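Peer 1: This structure is in structure tokens; I'll ask about it shortly.
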Amino acid sequence: MKRFLLSLLPFLLISAADTPQKAYVEKFAAYAVNEMYRSGVPASITLAQGMLESRNGLSDLAAKGNNHLGIKCHTDWKGATMRVDDETRGECFRVYDSAYQSFQDHSDFLRYRSRYHFLFDYEITDYKAWAYGLKKAGYATDPQYPAKLIKLIEENDLARFDRMKPSDFEPVAQLEEEEILESTPDKAARKVKVKKVRKRARAAKSEAPAVEEIPESPTVMEEPRPVANEEFSFPLARKVYTQNGVPFVYAERGDTYASLAASYNLFPKEILRFNDLEVSEELLPGTMVYLQAKKKQTRRGLDKYIVEEDGESLRDICQHFGVRQSAIVKLNVFSSTHRLREGDTILLRK
3 MKRFLLSLLP FLLISAADTP QKAYVEKFAA YAVNEMYRSG VPASITLAQG
53 MLESRNGLSD LAAKGNNHLG IKCHTDWKGA TMRVDDETRG ECFRVYDSAY
103 QSFQDHSDFL RYRSRYHFLF DYEITDYKAW AYGLKKAGYA TDPQYPAKLI
153 KLIEENDLAR FDRMKPSDFE PVAQLEEEEI LESTPDKAAR KVKVKKVRKR
203 ARAAKSEAPA VEEIPESPTV MEEPRPVANE EFSFPLARKV YTQNGVPFVY
253 AERGDTYASL AASYNLFPKE ILRFNDLEVS EELLPGTMVY LQAKKKQTRR
303 GLDKYIVEED GESLRDICQH FGVRQSAIVK LNVFSSTHRL REGDTILLRK
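Going letter by letter, the sequence shown gives residues 3 to 352 in this note's numbering.
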């Protein structure tokens, strides 16, 4: 009996080493690191969430729908879906062509929804703050969600991926193509999916930054900073800041658009036009008032905004990001009576 157990030992060791968790990490670490550099979400957090939400890639949702992060349909999803019993029966979940698209959508979900903005103030290596922050923001209802993520990160040493770069792995486009070829039996569907991957890879390569840098606070407004006097033609009557490269001031008690126009040598109609107004309105303290025409689109890396609740004002969103309302209406093909709804995706750049 003893000899029989000893003969099984090598096989038991191999089986223990090749766990579903280890296999998941080896297969998807490159995706998580690439997304960390694209969006600013720690690779350790993405991997831990993927392992937890997809049961290490073995859930029906992951296996059949390539949905590894448990993203539900919401009102803005236009792609394929599948019904899965989750908190309630038959809930609608998103379906993707590949696991990598699930990882990308997860990054965008956190990056472009305002309730997650504060997460990007945390250090990329502070996985504990991210884990508790996700629970605070409402990503999951399980009170043990942060503890489960932290346990997965520490037991599998996932924090090491927060110190890696995309260049430490094979190109994700190549990995995604291999994944599609392996998981898509239908030849015609496989061809279409691979074509999409190659097209996205070419587009990403043309826009890639020269140096690999993790974006900081990708969803929040630029840190307001004073601008130099010589940069603009108006006098600096008070501190001037920039958003999206456009100068603005914060309104103070007693200010009107007319008084600010006079202070900065502008015509009243000019300052209204710069701020997407046709007629003047009450100016509350703290309101951003632009002193030059806003840009037609946002800076690269901040390409869309997801509406958090019905009735949000498109003008307020455009003021927040320093872009012209007319340009955003044209870019999104909105009608003059378009009303924003929760989950709507607003493109902010081409």
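For glycine and all other residues, C-beta sits at the position ideal for the given N, C-alpha and C. Only a predicted model underlies this, so the values are computations on that prediction, with no experimental measurement involved.
1. With a threshold of 6 Å on Cβ separation, who are the neighbours of residue 333 within its own chain once the five nearest residues in sequence on each side are excluded?
2. Output the distance between the C-alpha atoms of residue 339 and residue 60, rounded to the nearest integer angstrom.
3. With which residues is residue 85 paired in a DSSP beta bridge?
4. If we call anything under 8 Å between Cβ atoms a contact, is residue 163 one with residue 264?
5. Does DSSP put residue 66 in a helix, a strand or coil?
6. Quick one: what's got a C-beta closer than 8 Å to residue 130's C-beta in the same chain, skipping five residues either side?
7. Does DSSP put residue 290 in a helix, in a strand, or in coil?
8. Buried or exposed, going by whether 16 or more other CB atoms sit within 10 Å of the CB of residue 67?
9. Per the contact definition of three or more C-beta pairs closer than 8 Å, is the region 280–288 in contact with the region 306–323?
10. Can you confirm whether the region 88–108 touches the region 32–49 when touching is taken to mean that 3 or more C-beta pairs between the two stretches lie within less than 8 Å?
11. My understanding is that residue 325 touches residue 300, with C-beta atoms under 8 Å, so please give their C-beta distance in whole angstroms.
12. Ordered along the chain, which non-local residues of its own chain (more than five positions away) have a Cβ less than 8 Å from that of residue 89?
13. Assuming residue 27 is part of the alpha helix (DSSP H), what are its boundary residues?
14. If residue 44 sits next to residue 53, beta carbons under 8 Å apart, how far is it from one beta carbon to the other, in whole angstroms?
15. Smallest Cα separation from residue 42: which of 69, 337, 258 and 304?
16. Provide the residue span of the beta strand (DSSP E) that contains residue 306, from first to last.
17. By alpha-carbon positions, which one of 55, 107, 156 and 51 ends up nearest to residue 306?
18. Which one or two residues does DSSP pair with residue 347 in a beta bridge?
19. Mind checking if residue 329 is an interface residue toward chain D, Cβ cutoff 8 Å exclusive?
20. Check the DSSP bridge columns for residue 297 and list the partner residues they point to.
21. Have a look at 156, 111 and 127 and flag the residue whose alpha-carbon is nearest the alpha-carbon of residue 347.
22. Considering residue 250, what are the terminal residues of the alpha helix (DSSP H) in which it resides?
23. Tell me which same chain residues have a C-beta within less than 7 Å of the C-beta of residue 79, skipping the five on either side of it?
24. Between which two residues does the alpha helix (DSSP H) harbouring residue 127 extend?
25. For residue 170 and residue 280, what's the separation of their Cα atoms in angstroms?
26. Rounded to a whole number of angstroms, what is the C-alpha to C-alpha distance between residue 46 and residue 63?
27. For residue 291, which option in 251, 77 and 85 has the closest C-alpha, if you only look at C-alpha atoms?
28. Roughly how many angstroms separate the alpha carbons of residue 331 and residue 244, rounded to a whole number?
29. With respect to the alpha helix (DSSP H) encompassing residue 243, which residues constitute its N-terminal and C-terminal limits?
30. Taking just the CA atoms, how far does residue 115 sit from residue 255?
Peer 2: Reading from the atomic positions:
1. 349
2. 46 Å
3. 94
4. no
5. helix
6. Sequence-distant Cβ neighbours of residue 130 in its own chain, meaning closer than 8 Å and more than five residues away, are 148 and 152.
7. strand
8. Buried, because 16 or more other Cβ atoms sit within 10 Å of the Cβ of residue 67.
9. no
10. yes
11. 6 Å
12. 143
13. 22–41
14. No, residue 44 and residue 53 are not in contact; Cβ-Cβ is about 14 Å, not under 8 Å.
15. 304
16. 306–308
17. Nearest C-alpha to residue 306: 107.
18. Residue 347 pairs with 308.
19. This model lacks chain D altogether, as it is built from one protein chain only.
20. Residue 297 is bridged to 325.
21. 111
22. Element bounds for residue 250: not the alpha helix (DSSP H) but the beta strand (DSSP E), 248–252.
23. 96, listed in sequence order.
24. DSSP places residue 127 in no alpha helix (DSSP H); its state is neither H nor E.
25. 53 Å
26. 21 Å
27. 251
28. Distance between the alpha carbons of residue 331 and residue 244 is about 23 Å.
29. No alpha helix (DSSP H) holds residue 243; the beta strand (DSSP E) holding it covers 243–245.
30. 31 Å
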